[in-house]
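Since the structure comes first, as structure tokens, the remarks are kept for the end.
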Ligand SMILES: [Zn+2]
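In my numbering, the protein residues as written are 1 to 101.
In structure tokens form, the structure reads like this:
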């Protein structure tokens, strides 16, 4: 009988997060590692993240319901429109100010 895998099994420990950030070579690497971990972004959201999503006054990352995108995937599979996987819950994700240092 197949076992049901929970996403909780994939959560990184504090030590694993520290190991990841130690091998980062600059702020861009660190952003790619730290922002999804602490802001709860999915890979697709991180890949499509733009500066316009950052709400500096509210310290949030506001994920749009959809946006025009010309990346290869969106052009070939999504009629040049990217949408987050879950639009209902992905409108605003609080970001800790320590992420955006
Ligand atoms: Zn795209």
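Backbone N, C-alpha and C fix where the C-beta goes; we use that ideal spot for every residue, glycine too. Only a predicted model underlies this, so the values are computations on that prediction, with no experimental measurement involved.
- Apart from the 5 residues on each side of it in sequence, residue 26 has no Cβ closer than 8 Å to any other Cβ in its chain.
- Just so you know, the alpha carbons of residue 83 and residue 62 end up roughly 13 Å apart.
- For the pair residue 48 and residue 17, the Cα-to-Cα distance works out to about 23 Å.
- In this structure, DSSP gives residue 72 a helical state, which the three-state scheme calls helix.
- For residue 53, same chain residues with a beta-carbon under 8 Å away, outside a window of 5 residues either side, are 61, 62, 63, 64 in chain order.
- Only buried fits residue 45, as 16 or more other CB atoms lie within 10 angstroms of its CB.
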